[in-house]
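Take 1 as the starting number for the sequence shown in full-length UniProt numbering and just add one per residue.
Note that beta-carbon positions come from the ideal geometry of N, C-alpha and C, so glycine has one too.
Each remark here refers to the structure printed beneath this line.
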Amino acid sequence: ALSLGDYSTALMASLRLNDTPLIQQTMESTGLEQVALMVKALPVSYAEKLLKWIADGKVVANSTHVHFYMIWLGHILNEHGMRLKGRTDVAILTGIQQIVAHHSQLISKLADQNKFGLRYLLAARKLKRNQKPEAMEC
């Protein structure tokens with residue numbers, strides 16, 4: 001189904017098989033503009049399976065496509081959140097919360113490093129500008 005471009009069917013089949021590499025391949029093969037449509041097409045039971053797979057964290061924690069998975073997560077929760085509210089195990093939601101918090105901390109640290117690096121570069125440039133006229137006078 002994936003080779004034919006039927007991403008919804010491919011995703012549901014991979015979730016039925018509980019095949020992590022296939023789920024990952026299907027999700028990452030889906031275009032960003034198609035994510036919302038795919039999530040709408042997913043029955044609630046498959047949305048719950050997908051949440052459980054994301055909450056497991058093995059793939060998402062080590063993936064370079066973190067933002068892409070967060071977009072999927074946002075669409076799933078927006079589309080199916082109310083229907084999942086009474087059905088979904090608290091452990092799944094806790095797992096998702098931990099993954100989001102972990103990535104939030106990583107991004108925050110990276111932003112702080114970038115901020116301090118930028119301050120250093122600006123200070124070095126200012127210092128270099130202040131020293132140039134003196135070097136020319138000698």
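Would you say R83 and V44 are within 8 Å of each other, going by their C-beta atoms?
-> The residue given as residue 83 occupies position 83 in the sequence shown. The residue given as residue 44 occupies position 44 in the sequence shown. In this structure, V44 lies closer than 8 Å to R83 by Cβ.
With 16 other Cβ atoms within 10 Å as the buried cut-off, status of W49 = Translated into positions along the sequence shown, residue 49 becomes position 49. Note that residue 49 corresponds to Lys in the displayed sequence, not to Trp. By the neighbour-count definition (other C-beta atoms within 10 Å, threshold 16), K49 is a buried residue.
How many Å lie between P21 and T94 at the Cα?
-> As a working note, residue 21 is residue 21 in the sequence shown. As a working note, residue 94 is residue 94 in the sequence shown. So the alpha carbons of these two residues sit roughly 23 Å apart.
Would you kindly report the start and end of the unbroken alpha helix (DSSP H) that includes S45?
-> The residue given as residue 45 occupies position 45 in the sequence shown. Annotation: the continuous alpha helix (DSSP H) that includes S45 extends over 44-56.
Would you decide whether A99 is buried or exposed? Buried here means 16 or more other CB atoms lie within 10 Å of its CB.
-> Position 99 of the sequence shown, counted from the first residue, corresponds to residue 99. At residue 99 the sequence reads Ile, which differs from the Ala that was named. Looking at its Cβ environment, which holds 16 or more other Cβ atoms inside 10 Å, I99 is buried.
Tell me where the alpha helix (DSSP H) around L83 begins and ends.
-> The residue given as residue 83 occupies position 83 in the sequence shown. The question names Leu, but residue 83 is Arg in the sequence shown. That run of the alpha helix (DSSP H) goes 66-84.
Presumed contact (8 Å Cβ cut-off) between M12 and W72, rounded CB distance = One-based indexing of the sequence shown puts residue 12 at position 12. One-based indexing of the sequence shown puts residue 72 at position 72. With 8 Å as the limit, M12 and W72 do not qualify as a contact, their Cβ atoms being about 15 Å apart.
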